[in-house]
Each structure stands twice: as C-alpha cells, then as structure tokens.
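Asker:
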Amino acid sequence: MGGLFRAPKPVVVAPPSAPATTTTTTDPAQAAEETAAAARAEVRARNTRGLSGTIATSARGLLGTRSDFTATRKSLLGE
Numbered sequence: 001m002g003g004l005f006r007a008p009k010p011v012v013v014a015p016p017s018a019p020a021t022t023t024t025t026t027d028p029a030q031a032a033e034e035t036a037a038a039a040r041a042e043v044r045a046r047n048t049r050g051l052s053g054t055i056a057t058s059a060r061g062l063l064g065t066r067s068d069f070t071a072t073r074k075s076l077l078g079e
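To convert, note that position 46 of the sequence shown is 46 in my numbering; the numbers rise steadily by one, no gaps.
1) Return helix, strand or coil for threonine 35, following the three-state DSSP convention.
2) When you compare only the Cα positions, how much space is there between alanine 41 and glutamine 30?
3) May I ask you to report which of helix, strand or coil DSSP gives threonine 21?
4) Under a CB-based cut-off of 8 Å, is arginine 40 close to chain D?
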C-alpha cells in the first residue's frame with residue numbers, strides 16, 4: 001500500500017557537549033548575598049502577580065450586580 005508521499009526521516013540531533021566545569025572558591029558571605037537576592041526577586045515576582053490572579057467579583061458573582069438579570073435568571077431550589 002503505497003502513498004504519494006514518503007514518511008519523513010527522523011532528524012538526528014547531536015547531544016550538546018557538557019561545558020568544562022571550573023572550580024572557583026566563593027566567599028560564604030557572597031554566596032549568602034546571592035541567595036538572598038534571588039529570594040527577594042522571587043518574592044517580588046510573586047507579589048506582583050498576586051492581585052491580578054484573583055477574581056474581582058462580588059460575593060454573589062456577576063449576576064448580583066445587575067438587577068435585570070435577577071428576573072431572567074433560573075432560580076435554584078430553595079430561592
């Protein structure tokens with residue numbers, strides 16, 4: 001059962017070579033400062049997206065803000 005087109009041949013990608021690791025001695029105070037700076041940046045990013053991630057509706061939802069929706073809205077059992 002042949003078709004008009006052949007199946008594409010898989011592309012062989014060479015694995016990336018690992019960079020040579022260099023040993024550097026870092027000051028413990030400098031390492032602590034870098035860790036603290038990374039933590040501050042993470043907290044700042046989390047705080048900026050916190051308010052935009054919330055849903056800004058009332059306790060009744062969107063239907064509670066307009067009075068003309070209450071008449072056409074299906075009633076729930078017990079309302």
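The beta-carbon is built from N, C-alpha and C at its ideal position, and this holds for glycine as well.
Answerer: Let's see:
1) Reading the sequence shown from its first residue, position 35 is the one you call residue 35. Note: threonine 35 maps to helix in three-state DSSP.
2) Residue 41 sits at position 41 when you count from the first residue of the sequence shown. Residue 30 sits at position 30 when you count from the first residue of the sequence shown. Spanning the two alpha carbons is a distance of roughly 17 Å.
3) As a working mapping, residue 21 is identified with position 21 in the sequence shown. In the structure shown, threonine 21 sits in coil (DSSP, three-state: anything other than H, G, I, E or B).
4) Here chain D cannot be found, since the structure has a single protein chain.
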